[in-house]
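Add 569 to the 1-based position in the sequence shown for this note's numbering, that's all there is to it.
Even glycine gets a Cβ: it sits at the ideal position worked out from N, Cα and C.
Fair warning: this is a prediction, and the values are worked out from it, not measured in the lab.
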Amino acid sequence: MRSIPTPPEAGVIDAVRLGTDTFRYLDGIQARYKDALQVPIPTRPPLVVVTNPTLARDLLSRPDDFGRVPARETDSLIASQGLVQSEGELWEQQRSIVAPAFSGRQVAAYADTVGRRVESLAAEWADRGDDRIDLHEEMTSLTVRVATEVLLGEDIGRERASEFHDWMAVAGEELEFGLDIATPEWLPSRISPAFEEAAANIRGLAEEMIADRRAALASGEHSGPPDMLTLLIKREDDPDVSYAENQIRDEVATFLIAGHETTALSLTYTLALLSKNPSVRDQLRTEARSVVGDGPLDHEHVDELPATQRAYNESLRLYPPAWGVFRQANQGSELGEYRVPDGAATIVPLWSIHRDGRHFESPATFDPSRWERRAPETVDAYFPFSTGPHACGSRRRYDRAGRFRRRSRPPTAGSPISPSVVTVPIGVGIYSAGREVGSLIRVTDRQ
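And the structure:
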C-alpha cells in the first residue's frame, strides 16, 4: 500500500486555499494529480481529494469503509436524522419507507403538477411589467412548490416559497464550505442568531405540514396515492419500524431542502447556459415544436426530446449542483493502491472531474453534441447524481422533471442582462463554495 501524495506546499495555507478559492484549487490539483492527494490539517485528520473517477466510484460504492461525514452542530439544528444524513440500518429503513414515492408510476404522475406550475409561472412572468427576472429565485420558488406538492402533498404558495428561499440564503452563509476545514475541531463554533431563526423556521414549516397531514388522515379528508409524508406517518405505528425522536420532522425538513435545491440550481445553470448559447436554445425550441406542437407537454413526450436531454447532460457536467461528495474514511480503509488515513475526510470533486481534459474534449466548453457520441452511463468520469448506494435517491424524478420543466411552456430565456447581474453560488445551496454565475435574464415571448 502506498501513501497518498501530499502537495509540496501542503499545510494550513493549502487548506485555506481549498476553503477560500475552492474551484481554482480543485482545477489545479485535478491537472497535477491523476489519482488523489492528501492535504494535512493540524489538529485533525487530513483531507483527501480523489481526482481519479474510477477510484471515486469505488469509494462511493463502499459505505462501510467510507461513511457519511458526521453532522456538524449547525447541520443538526435543521435536521440530524434525515435520509441524507443517516446510514446503516436506519438509512435502509428510511429508504425502503419512502421508495414508493419515487417509483416510475409516481414520477409519471408528477408531470401534471410540474406542467401546471410551469404554466402558472409563465403567466406570472407575462403579467409583469418588468421583463427582467432573478432566475435562481424564480426556479427556487417553482421547485420548492413542486417538491412540497408532489412529495408532501401541500402547495405552500408563492409567498411561503419566497420566505423559504430567504431562510435558505441565511443558512447558506452559515453552512457553506470554507475556512472551517482548517479550524481545530476543539474550537467552539459560533452560531449566529439569524441562522438559528432560519433553522427554526424550516423546522417549524416541517412540523406544520406534518400536523396538517395527521389531521387530514385522521378525518379522512386526505385521499389519492400515498406521497412521501403519508408513507412516513402511516409507518409510525408499525412494530417493525423504529422511529427516533423527531424522525419524521427531520425527514420532511431534509426533503424540503434536498427535494428542491439541486433541481433549482440545475435549472438556473441550464437556462443561463441556453441564454448564452442561442444556437442550442433554438435547436431545443425547434425540437419541442416538432414533438409537442402547440399543446401542453405530456410525460410521454419527455423521451422524445433527445436534444433537450443532451443539453441537460452537458449542463450537469459543467455545473453539477452538488459540486462535491463528502465522506469519512473508517479504520483501515484502502483505495486502489493507496492507504487512506483513519478518520480522513474525503472529497470527490465532481466539479473538477467533470472538467478534466483527460476525459472530455474542450472540457470548459458548453457542447451538448458531445453526448451524441457518448452515452452518459458509459462515461466513467460523469456522475452528477453521485453513485453507489447513497446516490441521489430521486435522480429519476430529478432527471425527468428537469427536462420536463425546461420544455414546458414558459417564455424563452433571452440574453443575460449586463452589467447588472445577480449572482448565485454553485453548490448544493447550503454547501456552496463561492463560485458564481449570472442569473438575471431578460424574458422574451416565444417566436
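Just checking: is the beta-carbon of residue i within a distance shorter than 8 Å of some beta-carbon in chain C?
{"i": "N621", "result": "Given the protein chain composition of this structure (a single chain), no chain C is represented."}
When the Cα of residue i is compared with those of the options, which residue comes out closest?
{"i": "L842", "options": "D867, R783, V821 and S884", "result": "S884"}
{"i": "P953", "options": "I702, R613 and P622", "result": "P622"}
{"i": "L628", "options": "D925, E941, V909 and R939", "result": "V909"}
{"i": "T831", "options": "H705, P576 and S672", "result": "H705"}
{"i": "M708", "options": "V638, E869 and L840", "result": "L840"}
{"i": "V849", "options": "Y838, A876, E777 and M570", "result": "A876"}
{"i": "A822", "options": "A775, S844 and Q599", "result": "A775"}
{"i": "I817", "options": "R804, S938, W940 and G864", "result": "R804"}
{"i": "M778", "options": "E718, R637 and D872", "result": "E718"}
{"i": "V638", "options": "N899, Y812, E814 and G789", "result": "N899"}
{"i": "S572", "options": "D703, G901 and P847", "result": "G901"}
{"i": "G722", "options": "E941, A827, S672 and H791", "result": "H791"}
{"i": "G864", "options": "E688, F635 and P611", "result": "E688"}
{"i": "S844", "options": "A827, E814 and A880", "result": "A880"}
{"i": "L866", "options": "A787, P847, E693 and R686", "result": "R686"}
{"i": "G673", "options": "H928, Q878, T612 and H868", "result": "H868"}
{"i": "S724", "options": "L825, R626 and H928", "result": "The sequence shown places Asp at residue 724, not Ser. That would be L825, whose Cα lies nearest to the Cα of D724."}
{"i": "T837", "options": "E941, S788, L624 and I702", "result": "I702"}
{"i": "D633", "options": "T612, W940 and E658", "result": "E658"}
{"i": "A780", "options": "S938, N815 and A625", "result": "N815"}
Assuming residue i and residue j form a contact by the criterion Cβ under 8 Å, report the distance between their Cβ atoms to the nearest whole angstrom.
{"i": "Q647", "j": "I771", "result": "Gln is not the amino acid found at residue 647; the sequence shown has Ile there. Indeed they touch by this definition, with Cβ atoms about 6 Å apart."}
{"i": "M797", "j": "A691", "result": "That pair is no contact at about 27 Å."}
{"i": "V739", "j": "A767", "result": "4 Å"}
{"i": "Q599", "j": "V810", "result": "Not a contact, Cβ separation roughly 43 Å."}
{"i": "A950", "j": "D925", "result": "6 Å"}
{"i": "L887", "j": "H829", "result": "At roughly 21 Å, the Cβ-Cβ gap does not stay under 8 Å, so L887 and H829 are not in contact."}
{"i": "A678", "j": "P794", "result": "7 Å"}
Residues in its own chain within less than 7 Å of residue i by CB, not counting five upstream and five downstream?
{"i": "W920", "result": "F592, L595, P889, W892 and G893"}
{"i": "S710", "result": "R727, A730, S731 and H734"}
{"i": "I582", "result": "none"}
{"i": "D540", "result": "With the chain covering 570 to 1016 only, the question about residue 540 has no answer from this structure."}
{"i": "S835", "result": "S884, L885, P890 and G971"}
{"i": "N846", "result": "F935"}
Within its chain, find whatever has a CB closer than 6 Å to the CB of residue i; leave out the 5 residues flanking it on each side and keep chain order.
{"i": "T575", "result": "Q607"}
{"i": "P808", "result": "none"}
{"i": "E873", "result": "V860"}
{"i": "H870", "result": "V860 and V861"}
{"i": "P614", "result": "P910, G912 and A913"}
**Message:** My parser needs the alpha helix (DSSP H) runs of 4 or more residues fully inside the segment 816-847; what are they?
**Reply:** Complete alpha helix (DSSP H) runs here, min 4: 816-827 and 830-845.
**Message:** Using 8 Å as the cut-off, can you tell me whether the segment 580-599 makes contact with the segment 613-620, which would need three or more C-beta pairs spanning the two stretches below that distance?
**Reply:** yes
**Request:** May I ask you to verify whether the segment 888-907 touches the segment 930-938, counting CB pairs closer than 8 Å and requiring at least 3?
**Result:** no
**Request:** Give a yes or no on contact between the segment 847-855 and the segment 907-919, applying the rule of three or more CB pairs nearer than 8 Å.
**Result:** no
**Prompt:** Should the segment 709-720 be called in touch with the segment 679-688, which here means at least 3 C-beta pairs below 8 Å?
**Reply:** yes
**Item:** At least 3 beta-carbon pairs within less than 8 Å: the segment 603-615 vs the segment 897-907
**Value:** yes
**Message:** At 3 residues or longer, what runs of the beta strand (DSSP E) sit wholly inside the segment 577-628?
**Reply:** 605-610 and 613-619
**Request:** Enumerate, from N- to C-terminal direction, the unbroken alpha helix (DSSP H) stretches of 4 or more residues contained entirely within the segment 757-794.
**Result:** Those alpha helix (DSSP H) runs which fall completely within the segment 757-794 and span 4+ residues are 762-788.
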